[in-house]
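Protein chains in written order, with full-length UniProt numbering: chain A, 1 to 758; chain B, 1 to 758. Think of the CB as a built atom: it goes at the ideal place given N, C-alpha and C, for glycine as much as any other residue. Everything numeric in this text was worked out from a predicted model, so none of it was measured. Structure first, then comments.
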């Protein structure tokens, strides 16, 4: 076990690396040519314009003002300065609540750390067991931990009392925070501007009707059963083919503009391109004419595909977005059961238009349950047996496998350097590649489960990832061995020895997790703010690929909060905090630094960098609380296991804690969770009444008509033939809500738009 | 282990006792003086009148027509003859669905029994293990069971296949039955006459308002938030004191009528009574005058208590029954969240008026969660540690304890007979008394949990009782030892050895459970139809206590289906059936006889005897299915445990079964359960539209006004002062819905009613 000096050494190293990251960040972010990497959000908001347009040539790229370098940490107070209401306004409630998870960590663990250092550390330090028993190797860290107290000592009552105090304090913080977030959400929803999703319900599993089309059937059903409230509806088209065509056309349009610009700069030479692979092979043609013709061809294909979709009844999915005259009507429809067959006419709040995950809208009910069953089994196997395919790949990646596959390379492989590389590095790579791909795999699994909004997909992926981290990182580190071996030994162990086994090895792993928190937490967060990957990619793109202003906009990838992968990692730190707050209090300061640093960094990032893809109004918060509660219960069970080996009579009082925690969870859930699922009628009525008073002549039908059209049906500012075909529930174009609606694009669209009318 | 001959002997004995019960029943039910015991339902319906009023004296009491005795089983076809729709009409959907539980047993196990005897019995019989191994004692029963097959034999694949076939068949039956019951429920609700609960929602946790009374607050809230639909409401009064006074008055009224009748028969002597204890001590007074004065006094007290309740704001509970103009409006309100605080304005379907459990209406939300926490802990201790207090009582009930408490009785106790009685009998009595009291204890616990309707109370009690039976009867019999010892050994055993331990002892317990099913099932059901307890009590009351016709009505206790205690017992048989259908197929015929006999007996009982206290429209069915599913999963785990000792490679294919069962349950639940919880808007709209067309001038307000008044506020046909005080939500009297509203009572009420107006 590591001594205090070792830990200090490690801490110094990690602080140093974190500091280097921060200093590099401070320098890089001041350079104008990095401006789009570190402040993309302001560009997207249209507030900041490119600094390369003004000033002398050097100043465009390098910041020569030395004074700015002296205040290299001044982004920190700046990040903290923006008040929360403004932050919500600027970055959305999702982001604002996301960083409150770090704040939650600070609120829980800061007072606990003070108390633990005031009470538990002296009690442990003077325990004196380790000094007396000379046969044990021990370190200073252990002298501060519970290991320093003799089994059976009455001092454990202090730990018991502290466990209760800490738990109650955590309840307090969780309760007030849950309450706060719930009221923030309700306030956000109440003060939100008029949005289509407030009036709209997503209806799935519309039953087939022999006499009517889906659209007619939906219209009739809701005008009968919600006759005072139903306004209009939009059917959902299966537009996956169309999406491909649009994607292809956009690529060609970039090339078109690139060559046009090139020609404009030098009008003497008509630029040429080759028709073959990537413009490298084939015969040379005039580039501008070639791309113009290709785009026109694609536009025609798009138009005919659109017509096919509209005329083909099979392209209409049995789902629809139904809009109501009032928020009250929508709230009623979303919360009630429509038909006596509960698998038909499933109604639910419509997600925001940009939050909709279109491909999943048409999955029938039975298929949905089967998909979920299969995915539940798959996630179990993925969590516990993921090492098997990796070991298989690793075995392929050994020398003999390589030589078999590439016999020609044998002489090369036999070189010592390459041999050691393959043997020492490749197996690790297989695991690393898997871990990098893991969030994508989990997201794919969530998509297969059939959720209809991006926010739900994120939340479901986060749950899966948490399970994986819990089993493979936490348990895997505590009990060395693969998850499969653990599972095997757990099955063969008695139910009450599992917490004992795990609990006993917990104190010994404290130094490992302290190191983990410094490497993964501190340096990881400092690296996050540096945005090394986007920085490199932006400059690569900027140098080689950017042809148009629009391309530069797209090269500037602001990213977004990766809820699905980063939230479970925070939860791991919560778990570690709960596990160690009684056992090894020295753990807590490291945790607090992590939470504090993360809070500042992510606050800076959501202000300056990240752009949300959707706004779910903090719908993920109940998941966060649930996972914190799971972490508490696990820590309490482990504490019980450990205590049963130290002072048997304490087992029962500790057993009360998980029961209390479960009850607390049930209470909080019933108290606050409805605020995240349902929309109360009272609030809907207030907002409706207010709107009726302020805007009595609002044409809601026009407002809602085109809100839920498949994004690729928006043919940018052009009226479509389909308007004539369907009288009221038409699919007229609207202003794009996604961030790709850049000035360059829309300019171009208005140019070529008229072509697609025929 | 018992041989086939032993089982046959036991079967013969039990068949004999069952036959005796049936013959005694056949004889007794034909006697006119028992008519009110065996056909009370027809009396309550007013279809049958007392046979003692007509014919000669002997014939009034004894049936002398010998031919009727010959057809002593003819009640069986009679019970089966009534078609189901008529049965639902006659006895209600609850009862009709309840007996379908037995039908479900027949449907599941009859084809399985045929298949098991066709396939499994030959396979087992020719297994030949037991014959070859001479050191084992075995019986013919065992030769038919899985024990007769050599471990590792490939014959187990037949059992595996059969387990799959049986399971799939069970899914089939459960699915179709669930579907059938769901549609029966929806049809019942759709075709039901207008009932107050269709328009009414129970609102709980009305927040206090400084400026308004509860009634005003409720009125304003709903007229704002459901302004097109809200009709009227009734607040809930805390009328527990009043209920006591009314109870007392009713007793006095019986005496009053008794003495009046006595005086009418013999007008010479004014009857007298004594004012002291039970009319036995104290000075003699004129009985009629005395009781008349006492009743008048009580009526005055009642009136003042009513006034106190109405004028005292503390007597108004923060709950109300809110009625709507349409079923659609009520359905919307019941299914939606009203306020942004989900613990306020809790809305739920109002139970039927007679189904309301009034004392629980005012429990605040926080208290409710605490109560449920405490009860969850209590039910755990009751299930696993109930033997501790009983052992304590038993230890008190020994000779020494007795001699200490009653030193005077020492010489008597020392008598051998009494000594052996105390030692041999009293400890058993303590357990028996506990088991008799158990349903009451569980019901009390459910009441503490705070459910607001009698039907929910029954369902919750049934769940608790099922847990108790599962742990203490099933597991307790399989693994001898108390539940506490089992729990202890389970905790100390590894998780996967529990099914093995239990599974291995399953085949050995087959004969025990066959005997159990014959004693508890066959004879128990035959005893049920005899109604020995109500028979004796009726005749005792009739002889000693019946003074008036009203008393005779009350002495005639028709009883009702005791869902809370009898449904869990059926579930125990389902569990045994699933556990043994692969292991010991010989078990199945005994089970089938139980289900068949029960079905006929209970069909007879619900037609002729039982009267429902409420109608929940089969709301309990999801619970029934859930428990059947639990039984299936338990049986599959035990089969897996057993197979792992017989043929290890079969463990994995059997492991698939419980997973499949869980998935099947989730699917069925989402498919059908909403039909038992929610009321679809489409159906509500259809019924509303129909009603509007057929009865355009219906005064719904008048119809609903007095539906949800506390039963003791109905002052029988008398208008109360409170009508003047509260304008619209008044508490006007209505016709009593409970079965106690007999002609005698109402006659008397109209006589004295006018007195309570001042």
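Backbone CA spacing between residue i and residue j [nearest angstrom]
i	j	result
residue 773 of chain B	residue 217 of chain B	Chain B is shown from 1 up to 758; residue 773 of chain B falls before or after that span and cannot be answered.
residue 265 of chain B	residue 289 of chain B	17 angstroms
residue 688 of chain B	residue 84 of chain B	27 angstroms
residue 656 of chain A	residue 159 of chain A	15 angstroms
residue 668 of chain B	residue 659 of chain B	14 angstroms
residue 598 of chain A	residue 525 of chain A	6 angstroms
residue 314 of chain B	residue 223 of chain B	24 angstroms
residue 188 of chain A	residue 681 of chain A	16 angstroms
residue 574 of chain B	residue 30 of chain B	35 angstroms
residue 692 of chain A	residue 198 of chain A	15 angstroms
residue 503 of chain A	residue 579 of chain A	9 angstroms
residue 319 of chain B	residue 208 of chain B	11 angstroms
residue 379 of chain A	residue 464 of chain A	7 angstroms
residue 566 of chain B	residue 523 of chain B	15 angstroms
residue 476 of chain B	residue 500 of chain B	16 angstroms
residue 127 of chain B	residue 13 of chain B	31 angstroms
Contact set between residue i and chain B, taken where Cβ atoms lie within less than 7 angstroms
i	result
residue 224 of chain A	685
residue 682 of chain A	225, 338, 339, 340
residue 228 of chain A	228
Where residue i meets chain A, residues with beta-carbon distance less than 9 angstroms
i	result
residue 663 of chain B	369, 370, 372, 373, 376
residue 292 of chain B	The contacting residues do not exist; residue 292 of chain B stays about 54 angstroms from chain A at best.
Residue i, DSSP secondary structure in three states
i	result
residue 708 of chain A	coil
residue 197 of chain B	helix
residue 42 of chain B	helix
residue 347 of chain A	strand
residue 274 of chain B	strand
residue 611 of chain A	coil
residue 556 of chain B	coil
residue 634 of chain B	helix
residue 444 of chain A	helix
residue 584 of chain B	coil
When the options are compared against residue i, the one with the closest alpha-carbon
i	options	result
residue 214 of chain B	B:197, B:41, B:198, B:233	B:233
residue 627 of chain A	A:600, A:671, A:665, A:364	A:665
residue 663 of chain A	B:115, B:298, B:577, B:374	B:374
residue 201 of chain A	A:674, A:678, A:698, A:108	A:678
residue 76 of chain B	B:604, B:670, B:635	B:604
residue 294 of chain A	A:40, A:586, A:107, A:250	A:250
Chain A contact residues for residue i, given Cβ-Cβ distances below 8 angstroms
i	result
residue 671 of chain B	342, 343, 365
Contact list for residue i against chain B, beta-carbon separation under 9 angstroms
i	result
residue 526 of chain A	Near residue 526 of chain A there are no residues of chain B at all, since even the closest Cβ is about 40 angstroms away, more than 9 angstroms.
residue 675 of chain A	337, 340, 341, 342
Amino acids of chain B, ordered along the chain, whose beta-carbon sits closer than 8 angstroms to that of residue i
i	result
residue 678 of chain A	336, 337, 342
For the stretch 325-340 of chain B, enumerate the residues whose C-beta is nearer than 7 angstroms to any C-beta of chain A, in chain order. 331, 332, 335, 336, 337, 338, 339, 340
In chain order, what residues of the stretch 634-667 of chain B put their CB closer than 8 angstroms to some CB of chain A? 659, 663, 666, 667
Going along the stretch 239-272 of chain A in order, which residues come within less than 8 angstroms of chain B, judged by CB to CB distance? none
Quick one: which residues of the stretch 170-203 of chain B get their C-beta closer than 7 angstroms to a C-beta of chain A? List them in chain order. 186
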